[in-house]
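K.L.:
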Amino acid sequence: MVKLVINYDKCTGCGTCVETCPVNVYKIDEDKGKTKIVAINECLDCKACEVQCPEECIEVISED
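Numbering (numbering that gives the first Met the number 0), first residue to last: 0 to 63.
Following this line, the structure appears as structure tokens:
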């Protein structure tokens with residue numbers, strides 16, 4: 000299982016995580032202009048979102 004943490008104080012809603020994620024875990028919340036998690040169960044724990052986020056606001060925590 001994976002835990003995803005988004006620091007919403009840092010998130011700008013740029014969409015990098017949405018574009019980077021190979022399994023569509025993220026979506027931009029149009030009302031708030033921020034990233035939201037929509038499919039955590041699909042997460043592959045690849046950490047692509049964490050590595051690519053320009054604001055460093057996503058943390059992928061592996062829970063074994």
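The C-beta atom is built at its ideal place from N, Cα and C for all residues, glycine as well.
What are the residues that DSSP puts in a beta bridge with LYS46?
P.N.:
DSSP, once it has assigned bridges, lists no residue as partnering LYS46.
K.L.:
Mapping DSSP to helix, strand and coil, what is CYS34?
P.N.:
According to the sequence shown, residue 34 is Thr rather than Cys. Residue state, collapsed to three classes: strand.
K.L.:
Quick one: give me the first and last residue of the beta strand (DSSP E) that VAL4 is part of.
P.N.:
Start and end: 1-5.
K.L.:
Compute the distance between the beta-carbons of ASN23 and GLU41, then report whether it is under 8 Å.
P.N.:
Yes. Within cutoff.
K.L.:
Can you check which of these residues, CYS56, GLU62, ILE27, is closest to ILE5 by C-alpha distance?
P.N.:
It is CYS56 whose Cα lies nearest to the Cα of ILE5.
K.L.:
So is TYR25 buried or exposed if we call it buried at 16+ other beta carbons inside 10 Å?
P.N.:
Buried, since its Cβ has 16 or more Cβ neighbours within 10 Å.
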